[in-house]
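> Provided herewith is a single structure, encoded as structure tokens, for subsequent inquiry.
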């Protein structure tokens with residue numbers, strides 16, 4: 024599934040770049056991150072984040088190893104998105120970092136039925152409970168994907184080095 | 007006619023009406039599941055004290071009845087009773103359908119029904135629950151193969167006996183597993199008893215046969231097929247024996263507990279002071295579900311009445327639900343001891359009988375499971391040749 | 012148990028080995044060919060893992076526990092974010108204060124009851140998916156990633172120590188994720204223990220001056236908890252079940 028998404032995305036991006044010399048408008052609108060970039064590169068994390076996180080979570084939950092890198096807490100140290108009013112958004116908002124791609128890829132994640140989707144200290148209101156948005160395709164989503172592609176340009180290719 | 011001919015039942019308006027009713031019950035149950043999953047189990051009557059509620063009563067009833075519904079097929083294939091042979095197919099289909107209905111309730115009541123795949127891919131083999139997953143799916147597969155050996159054109163008849171034996175042994179294991187869900191709980195005074203397994207097996211014989219009698223007579227009425235009174239009386243006499251066996255095991259269960267001083271409190275609760283549980287035990291299970299059907303079936307004045315098998319079966323079903331309510335809910339409602347020689351108090355109901363009032367989502371889900379079982383059986387009779395065209399006494403008698 | 016732990020994914024980078032995935036410290040990666048990534052890193056071996064060399068436990072001195080005090084309960088709720096919604100029957104109850112009354116003498120004892128972190132935990136035996144598990148250091152936990160919410164563990168627990176989350180949850184603590192439809196219980200503040208700390212209830216009890224709860228390593232004969240257990244009489248709850256709990260009570 025993820026490879027399919029990657030391949031489709033890459034080819035679309037490539038085609039977009041060839042055609043317009045610009046960023047394809049099909050890509051999701053990924054909120055900018057703060058902090059130092061991943062040394063392994065974004066493409067690596069895009070492709071492997073779920074395996075990294077699942078592996079590390081098992082280390083933490085079952086073996087008590089807390090010196091891990093791929094934890095949701097650490098994701099949100101850098102990857103927090105804010106709305107127009109400057110408020111940190113939760114997974115209930117489609118501007119949330121995780122949702123920007125997962126809505127696009129039509130992959131529903133289960134993390135936030137138990138984990139908070141914001142850094143600690145942000146108040147998640149009760150209205151955001153049960154925030155498992157339905158996977159939607161087409162319609163307005165396509166517009167934001169296009170907008171992203173326009174901005175983001177050709178996706179980093181795995182073979183391109185970091 | 008001198009031989010058994012199996013035919014699908016015809017789609018009469020009555021058949022459609024019943025199917026529509028059952029379908030509506032299933033839709034209601036599914037809507038309830040979405041509702042509960044959205045709001046959480048807070049909208050049910052279940053709590054952190056009564057963690058298993060009415061859905062589990064229905065689910066366990068259906069699962070126990072499922073293995074017992076195979077009785078008739080076992081009578082034919084394993085014990086060589088000729089009068090049961092024409093009904094072996096229906097018996098197998100009903101067994102699978104009841105199990106599917108029960109499992110549907112069990113699964114849809116989970117806190118995370120969306121994680122069913124986890125339950126089927128990660129096993130902890132010290133859990134009887136995990137073994138039950140295998141016992142249940144295995145039962146369905148074995149009974150399906152057993153049905154195939156009976157029904158497939160050209161399938162050699164010599165496989166019917168061995169498959170019948172395998173299915174019979176498997177259903178004993180299955181009900182042992184179901185009873186052990188409670189029998190192996192060391193913490194609660196109402197459980198933790200080896201007799202749970204044989205008690206559940208006895209219940210399965212009785213409940214399964216009762217459900218079979220009811221479904222058979224309903225199908226024959228819907229399909230407009232003759233159903234012999236003597237055949238029904240034969241089944242009813244067997245039902246009375248099974249009901250007596252259930253009462254026997256129940257008596258032993260409580261007498262054993264009464265003998266142990268540590269269980270005296272729990273026994274007093276169920277047998278004397280437990281309110282609804284005491285009522286359900288004496289009136290529901292023992293009276294209406296045990297003594298009365300036996301009386302109806304054995305008393306000369308009612309034994310030959312055509313309505314007796316059906317009435318007795320209905321009573322046995324009600325008694326079975328009452329018994330499971332007492333076991334499942336009553337066993338949880340009675341407080342657990344924390345330290346010998348002490349009574350406990352707390353803000354979380356320690357030392358007091360837990361209150362439980364089932365709410366409509368639980369009832370809707372439980373009835374939905376019943377509807378799944380009945381609709382699946384009806385569908386089976388509609389599309390498969392499982393119901394004989396003529397079950398009159400004359401026809402069966404001519405087969406010797 | 013953890014089905015995905017060592018799964019090879021396609022012909023992509025081999026990310027199955029755990030050390031590969033310790034993606035934290037100083038990772039450098041180079042891509043050799045499409046889909047093949049080489050990662051080099053200079054991390055240190057894992058420290059502070061749950062070890063079978065420890066067994067964490069509590070000793071609760073019922074004489075020092077004040078019947079009117081519930082500082083441990085409040086501290087636990089604050090630490091782990093399980094404040095209730097006003098209905099004790101459906102609220103989370105990771106720890107609760109109970110009163111024991113001797114049926115013959117009438118003597119009353121107040122004390123907190125939480126997950127007893129049994130050496131032979133019935134909840135772990137009955138869990139169909141293995142979500143209920145015991146760590147190497149004796150702490151009994153629920154892996155909520157594979158908990159299906161069947162509540163069989165709650166049927167099995169003799170101490171009513173487990174709660175089912177009946178309602179949607181927000182504002183969880185990052186170190187104590189919890190969510191609707193799964194079962195939870197006292198974690199012995201495992202996030203603190205892993206960092207070398209003590210559980211919140213123990214700290215809170217000490218802060219009130221009662222000092223009724225001590226935390227320590229039952230396998231270390233020199234620890235305070237072991238010395239006290241060796242020196243003074245103590246008891247386990249439900250001693251009839253012989254579950255060898257990690258939580259012990261003195262002066263019951």
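Residue numbers (this note's numbering), protein chains in the order written: chain U, 24 to 185; chain P, 7 to 406; chain Z, 12 to 263.
Glycine included, every Cβ here is placed at the ideal spot set by N, Cα and C.
Here the structure is a predicted model, which is why all the values come from computation and not from measurement.
1. Check whether the Cβ atoms of residue 180 of chain P and residue 145 of chain P lie closer than 8 Å to each other.
2. Am I right that residue 151 of chain Z and residue 137 of chain Z are in contact with their C-beta atoms under 8 Å? What's the rounded C-beta distance?
3. Let me know if residue 108 of chain Z comes out buried or exposed under the rule of 16 or more other beta-carbons within 10 Å of its beta-carbon.
4. Could one say the Cβ of residue 345 of chain P lies closer than 8 Å to chain Z's Cβ atoms, at least one of them?
5. Tell whether a beta-carbon distance below 8 Å holds between residue 116 of chain P and residue 159 of chain Z.
6. Which residue's Cα is closest to the Cα of residue 244 of chain P: P:264, P:257, P:230 and P:219?
7. If you run the structure through DSSP and keep just helix, strand and coil, what is residue 212 of chain P?
8. Answer with yes or no whether the minimum CB distance from residue 143 of chain P to chain Z is below 8 Å.
9. Within the continuous alpha helix (DSSP H) that includes residue 237 of chain Z, where are the two ends?
10. Mark residue 16 of chain P as exposed unless 16 or more other C-beta atoms lie within 10 angstroms of its C-beta, in which case mark it buried.
11. Which residue wins for smallest C-alpha separation from residue 171 of chain Z, given the options P:41, P:185 and P:343?
12. Quick check on residue 64 of chain P: does DSSP put it in helix, strand or coil?
13. Name, please, each residue of chain P whose Cβ falls closer than 8 Å to the Cβ of residue 104 of chain Z.
14. Are the region 254-266 of chain P and the region 220-229 of chain P touching by the rule of at least three beta carbon pairs closer than 8 Å?
15. Can you give the Cα-Cα distance for residue 67 of chain P and residue 90 of chain U, rounded to whole angstroms?
16. Locate the beta strand (DSSP E) running through residue 348 of chain P, then write down its first and last residues.
17. Any chance you could list the alpha helix (DSSP H) runs of at least 4 consecutive residues sitting entirely within the region 147-196 of chain Z, in chain order?
18. Taking the Cβ atom as the reference point for each residue, do residue 184 of chain P and residue 138 of chain P lie within a distance shorter than 8 Å?
19. Which partner residues of residue 79 of chain U appear in the DSSP bridge assignment?
20. Count the CB pairs spanning the region 350-364 of chain P and the region 194-207 of chain P that are closer than 8 Å, and state whether there are at least three.
21. Hey, which unbroken runs of the beta strand (DSSP E) at 3 residues or more fall wholly within the region 57-99 of chain Z?
22. Apart from the five residues on each side of it in sequence, which residues of its chain come closer than 6 Å, Cβ to Cβ, to residue 188 of chain Z?
23. When you compare the CB positions of residue 61 of chain P and residue 372 of chain P, do they come within less than 8 Å of one another, or not?
24. For residue 236 of chain P, count neighbouring C-beta atoms within 10 Å of its own C-beta (all shown protein chains included) and say buried if the count is 16 or more, exposed if not.
25. Chain U beta carbons: is any one of them nearer than 8 Å to that of residue 257 of chain Z?
26. Leaving out five residues before and five after residue 10 of chain P in sequence, what residues of the same chain have Cβ atoms less than 6 Å from its Cβ?
27. Which of the three DSSP states, helix, strand or coil, is assigned to residue 145 of chain Z?
28. Given this structure, state the Cα-to-Cα distance separating residue 120 of chain Z from residue 86 of chain Z, to the nearest angstrom.
29. Please look up how many angstroms separate the CB atoms of residue 128 of chain P and residue 190 of chain Z, rounded, as I've assumed it's under 8 Å.
30. Measuring CB atoms only, is the region 161-181 of chain Z touching the region 75-90 of chain Z, in the sense that at least three cross pairs come out at less than 8 Å?
31. Give the range of the alpha helix (DSSP H) segment to which residue 111 of chain Z is assigned.
32. Identify, in the order they occur along the chain, each residue of the same chain with its Cβ nearer than 7 Å to the Cβ of residue 12 of chain Z, setting aside the five sequence neighbours on each side.
33. Which residues in chain Z have a C-beta closer than 7 Å to the C-beta of residue 48 of chain P? List them in chain order.
34. Rounding to the nearest angstrom, what Cα-Cα distance links residue 203 of chain P and residue 110 of chain U in this structure?
35. By DSSP's criteria, residue 107 of chain U is part of a beta bridge. Which residues make up the other side?
36. Mark residue 132 of chain P as exposed unless 16 or more other C-beta atoms lie within 10 angstroms of its C-beta, in which case mark it buried.
This is what the structure gives:
1. yes
2. Residue 151 of chain Z to residue 137 of chain Z, Cβ: 13 Å. No contact.
3. Residue 108 of chain Z is buried by the Cβ-count criterion.
4. yes
5. yes
6. P:219
7. DSSP places residue 212 of chain P in the helix class (H, G or I) of the three-state scheme.
8. no
9. 235-242
10. exposed
11. P:343
12. helix
13. At a C-beta separation below 8 Å, residue 104 of chain Z has these neighbours in chain P: 54 and 354.
14. no
15. Spanning the alpha carbons of residue 67 of chain P and residue 90 of chain U requires a straight line of approximately 49 Å.
16. 348-352
17. With a minimum length of 4 residues, the continuous alpha helix (DSSP H) runs that stay inside the region 147-196 of chain Z are 163-167.
18. Against a cut-off of 8 Å, the Cβ pair of residue 138 of chain P and residue 184 of chain P comes out as a contact.
19. Paired residues: none, contrary to the question.
20. no
21. 67-72
22. none
23. With a cutoff of 8 Å on beta-carbon distance, residue 61 of chain P and residue 372 of chain P are scored as near each other.
24. Exposed is the label assigned to residue 236 of chain P, since fewer than 16 other Cβ atoms lie within 10 Å of its Cβ.
25. For residue 257 of chain Z, the answer is no, since every Cβ of chain U falls outside 8 Å of its Cβ.
26. 92 and 394
27. strand
28. Rounded to whole angstroms, residue 120 of chain Z to residue 86 of chain Z spans 21 Å at the Cα level.
29. Actually they are not in contact, since the Cβ atoms of residue 128 of chain P and residue 190 of chain Z sit about 19 Å apart, beyond 8 Å.
30. Fewer than three beta-carbon pairs drawn from the region 161-181 of chain Z and the region 75-90 of chain Z are found closer than 8 Å, and the two stretches are therefore not classed as touching.
31. Per DSSP, residue 111 of chain Z belongs to no alpha helix (DSSP H); it is in the beta strand (DSSP E), 106-113.
32. Any reading at residue 12 of chain Z must be qualified, since the residue scores a pLDDT of 37, below 50, and its modelled position is unreliable; the value itself is stated next. Same-chain partners within the cutoff: 141.
33. What residue 48 of chain P touches in chain Z: 101, 177 and 178.
34. Taking the straight line joining both Cα atoms gives about 58 Å.
35. Per DSSP, residue 107 of chain U has no beta bridge partner at all.
36. Residue 132 of chain P counts as exposed, since fewer than 16 other beta carbons sit within 10 angstroms of its beta carbon.
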